[in-house]
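Read through the structure below, which is laid out as structure tokens, and then see the notes.
Protein chains: 2
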Amino acid sequence: MDNEPSEERRSTRLRKGSGSIGIRDVAERAGVSTATVSRAFNAPKSVSETIRRKVTEAANALAYIPHNAARALSSQRSRNIGIVIPTIQNSIFATQVESLQQRAAGLGYNLLVALAGFNRDIEAEKIQQLVRTGVDGIMLIGADHRAEVYRLLQSRDIAYVNTSVFNATSPHPNVGFNNAEAMSRIAKYLISIGHLKICVISGDVVESDRARLRLEGIRNAMKSAGLPLPDEQIRICAYEMSASRQACRDLLNRTPDATAIMCHNDVQAFGALLELQSLGLRVPEDISVTGFDDLEWARHLSPALTTVRVPWGKMAELAAEVLVAQLNGSEFPQATLLDFDLVVRDSTAPPRPRP
Amino acid sequence: MDNEPSEERRSTRLRKGSGSIGIRDVAERAGVSTATVSRAFNAPKSVSETIRRKVTEAANALAYIPHNAARALSSQRSRNIGIVIPTIQNSIFATQVESLQQRAAGLGYNLLVALAGFNRDIEAEKIQQLVRTGVDGIMLIGADHRAEVYRLLQSRDIAYVNTSVFNATSPHPNVGFNNAEAMSRIAKYLISIGHLKICVISGDVVESDRARLRLEGIRNAMKSAGLPLPDEQIRICAYEMSASRQACRDLLNRTPDATAIMCHNDVQAFGALLELQSLGLRVPEDISVTGFDDLEWARHLSPALTTVRVPWGKMAELAAEVLVAQLNGSEFPQATLLDFDLVVRDSTAPPRPRP
DNA sequence: ACAGTGAATGTAATCGGTTACAAACTCAAT
DNA sequence: ATTGAGTTTGTAACCGATTACATTCACTGT
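Protein sequences appear in the order of chains A and B.
Per UniProt numbering, the first sequence runs over residues 1 to 355.
Per UniProt numbering, the second sequence runs over residues 1 to 355.
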């Protein structure tokens, strides 16, 4: 009437809900233990060829999908990593998200995106939130984060990597480039073609180390050329079209004889271009303009924008690798230096000879 | 010599690793059971005021952070939702990601971002991947997805919502606007100011229902005005500057007497603008151009772009709410219709009187 | 033939919460 | 005082994987 197996089956049914197929089902169908199934997936080489095949076959037949939360709980690894960026609206950050996502996916990790504006306090908060949700690692922009952030990450043993700024001696893993040098390069180029009075539209040097470094780069170049760079030739402004148009106008009011405007990034440069245009000034004949980032449209503008190209996508990919290496306990480079290129286009030219 | 308590304490130590503080620690410190602690957080009103205070106090004192994976495992809810978009580079998708992220965070959910290009097969793959990682819900762009996607989502009981296209009678929850009508509105406006020969730069009508609908909107408007719209006046192209410049050039080659070019979105319109400019044509004097989306820079271009504004951010927020409502088993609107605005600027004008 | 070694596999405890169910308690109505 | 309904709290099973440890197995060298 009654037989053991049916009893057993019933208890099995009780355990799992309606549809969901678990590792036990796969194990049963493949005629092995759950441990073996787990190994077949997570450490294939520790399992014999025959069994591996049987297991994958069973898994396919049952359309088995591992339960992530269970995996995370027992292995103490969520397989999620996070990225905290100022905004997703700027294409350079979008590119980084995209590349990080792709590379991370390839390495078996998912990506959580958090947005922090350009504000270190909000950043700290968002990082905490990510930690709370249990990410294994985090990619950060810049190196200038609240001390408590570093403390939190270290105390909870969460992998992290700073990007965008290279620092050979930093205790924090980083992959980036030399912002000061990059900006210095543009400045030197401008100086080399004869510019003496250069204005700067900068990012927020208080909140952003990249802005600080880039401005420093300009200062260095000017200094070593023996040129002055008084504060009135510098304007700090947000990364928005209207803000940068305004900044551009202000600068020209105070320094009407400027022959070039260097901008922290392409967005600001675009704004400057538009403003100059509507002021009736011609670029580069009347005044030169430079950007930074080489966004897609930079080459299409007229005049096409002189700018600096940085391999943002590659940077994010390397960051993903650094994170995963940390998580796996493998070796990883403490600091990685990326190249950049000065891209000279039509928005810059020697200044008009002055009467 | 030996006492029970110490024995017990030891076993407790064995359970949890080094630092991590669990719900049991909080329970102990607050002098209540773990169930009560859990309730104090997840269903505060089912717990007495006094105890709730004691629990939160204990949790704070211990800097307790709930273990997400454990929560997910036992509650069968990951508290992650996903979004699948074509690319993060286009500002409208970036905006949606941003808004969804914010609203979702407010509702206690994290956001996973997946990128699918403009390709339904890749989309299906990415959706599967999200399901695999265990999201509770997914926001999708458009309504035109592989049948197996809908099957998968329904069979696994995963919440989802289509966005961007409104469809009152669709069986699938959606929040969006009427693409055909929006584009129709621009066309009617152009016709009303005298344009007879209009060219179209469209998106990929095979892969994108939005492109299909918008083109249909133009067709409707032309038809009801008794105007022809032969295929040679339509060009399908990718959402990139160079592609759209090329498309623009092609169109003018075949239809040199066109007086207006309607573009699927602002990016393409920008490309068209640039191309026309470099061809020596003036906008709007020689030819009118329209976009769609009203991106940040659209108003800054010269000429400022005539386009359509859609509340992308609000749409994503509503989508978040629909998803969460589904997950909570609350009521939710099956279809939500959003408004759009025709924004007339300087890139459109009546056509020049023909000799 | 046999101990020794390393690889393949199985058993079952464990991760840290949630929640079904039971127990205890409160308070109003009888 | 007693009952009963409703509320608050506790007990412990459970979610679905991973993995430490035990066991089995196949070979190798002597």
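Positions of the beta carbon are idealized from the N, C-alpha and C atoms, including for glycine.
Here the structure is a predicted model, which is why all the values come from computation and not from measurement.
Along the chain, where does the beta strand (DSSP E) containing residue i start, and where does it finish?
i: serine 288 of chain A; result: 288–290
i: aspartate 341 of chain B; result: 341–343
i: arginine 185 of chain B; result: No beta strand (DSSP E) contains arginine 185 of chain B, which is instead part of the alpha helix (DSSP H) from 179–192.
i: glycine 137 of chain A; result: 137–141
i: isoleucine 83 of chain B; result: 80–85
What are the start and end residues of the alpha helix (DSSP H) that includes residue i?
i: phenylalanine 118 of chain B; result: Where phenylalanine 118 of chain B is concerned, there is no enclosing alpha helix (DSSP H), given that its DSSP letter is neither H nor E.
i: leucine 152 of chain A; result: 147–155
i: arginine 71 of chain A; result: 68–75
i: asparagine 253 of chain A; result: 241–254
i: valine 47 of chain A; result: Here valine 47 of chain A belongs to no alpha helix (DSSP H), and DSSP marks it neither H nor E.
i: isoleucine 158 of chain A; result: Segment: none, isoleucine 158 of chain A is in no alpha helix (DSSP H) and carries neither H nor E.
i: threonine 169 of chain B; result: Neither: threonine 169 of chain B is in no alpha helix (DSSP H) and is coded neither H nor E.
i: arginine 214 of chain B; result: 209–224
i: arginine 39 of chain A; result: 34–42
i: aspartate 25 of chain A; result: 23–30
Kindly list, in the order they appear in chain B, the residues whose Cβ is closer than 9 Å to that of residue i.
i: serine 302 of chain A; result: Leu274, Gln277 and Ser278
i: serine 78 of chain A; result: Asn68 and Ala69
i: residue 361 of chain A; result: Lying outside 1 to 355, the shown extent of chain A, residue 361 of chain A is not represented and no answer is given.
For residue i, which beta-bridge partners are listed by DSSP?
i: alanine 304 of chain A; result: For alanine 304 of chain A, which the question treats as bridged, DSSP gives no partner whatsoever.
i: glycine 176 of chain B; result: B/Ser164 and B/Leu337
i: serine 202 of chain B; result: B/Ile236
i: aspartate 231 of chain A; result: DSSP, once it has assigned bridges, lists no residue as partnering aspartate 231 of chain A.
i: arginine 309 of chain A; result: A/Asp293 and A/Asp341
i: isoleucine 261 of chain B; result: B/Cys199 and B/Val289
i: alanine 269 of chain A; result: DSSP output for alanine 269 of chain A lists no bridge partner at all.
i: asparagine 110 of chain A; result: A/Asn80
Which chain A residues are close to residue i, counting only those with a beta carbon under 8 Å from its beta carbon?
i: histidine 67 of chain B; result: Leu73 and Gly134
i: alanine 40 of chain B; result: Chain A residues near alanine 40 of chain B: none, gap ~17 Å exceeds 8 Å.
i: asparagine 110 of chain B; result: Leu112 and Thr133
For a contact defined as C-beta to C-beta under 8 Å, what are the partners of residue i on chain B?
i: valine 165 of chain A; result: Neighbours of valine 165 of chain A on chain B: none; closest Cβ ~23 Å, over 8 Å.
i: tryptophan 297 of chain A; result: Met241 and Phe270
In chain B, which residues lie less than 7 Å from residue i when you measure between Cβ atoms?
i: glutamine 101 of chain A; result: Val113 and Leu115
Kindly give me the distance between the Cβ atoms of residue i and residue j, rounded to whole angstroms, as I take these residues to be in contact under 8 Å.
i: arginine 214 of chain B; j: asparagine 179 of chain B; result: 5 Å
i: valine 55 of chain B; j: alanine 35 of chain B; result: Not really, about 11 Å apart at Cβ, beyond 8 Å.
i: aspartate 339 of chain B; j: phenylalanine 177 of chain B; result: 7 Å
i: isoleucine 186 of chain A; j: threonine 290 of chain A; result: 5 Å
i: alanine 69 of chain B; j: glycine 134 of chain A; result: 6 Å
i: isoleucine 83 of chain B; j: methionine 139 of chain B; result: 5 Å
i: asparagine 90 of chain A; j: valine 267 of chain A; result: 7 Å
i: histidine 351 of chain A; j: histidine 195 of chain A; result: With the sequence shown as reference, residue 351 of chain A is identified as proline, and histidine is not the correct amino acid for it. Contact holds; Cβ gap of about 6 Å.
i: serine 347 of chain B; j: valine 283 of chain B; result: 5 Å
Open item on the list: Whether or not the segment 292–305 of chain B and the segment 79–88 of chain B are in contact is what I'm after, with contact meaning three or more pairs of Cβ atoms, one per stretch, closer than 8 Å; do they touch?
Closed with: Because the criterion of three Cβ pairs below 8 Å is not met, the segment 79–88 of chain B and the segment 292–305 of chain B do not touch.
TODO: Decide if the segment 241–252 of chain B is in contact with the segment 264–281 of chain B; the criterion is three or more beta carbon pairs, one per stretch, under 8 Å apart.
DONE: The segment 241–252 of chain B is in contact with the segment 264–281 of chain B.
Open item on the list: Three or more C-beta pairs under 8 Å: does that hold for the segment 189–204 of chain A against the segment 224–240 of chain A?
Closed with: yes
Open item on the list: Closer than 8 Å is the cut-off here; do at least three beta carbon pairs connect the segment 304–320 of chain B with the segment 97–116 of chain B?
Closed with: yes
TODO: Inspect the CB distances between the segment 55–62 of chain B and the segment 18–35 of chain B and report whether three or more fall short of 8 Å.
DONE: Output reads yes: the segment 18–35 of chain B touches the segment 55–62 of chain B.
Task: the segment 91–98 of chain B / the segment 37–48 of chain B touching (three or more Cβ pairs under 8 Å) - done: no
- [ ] Determine contact between the segment 125–145 of chain A and the segment 163–174 of chain A, defined as no fewer than three beta-carbon pairs at a distance below 8 Å.
- [x] yes
TODO: State whether the segment 324–339 of chain A contacts the segment 151–167 of chain A, with contact taken as three or more CB pairs (one from each stretch) at a distance under 8 Å.
DONE: Contact between the segment 324–339 of chain A and the segment 151–167 of chain A is present, because at least three Cβ pairs lie under 8 Å.
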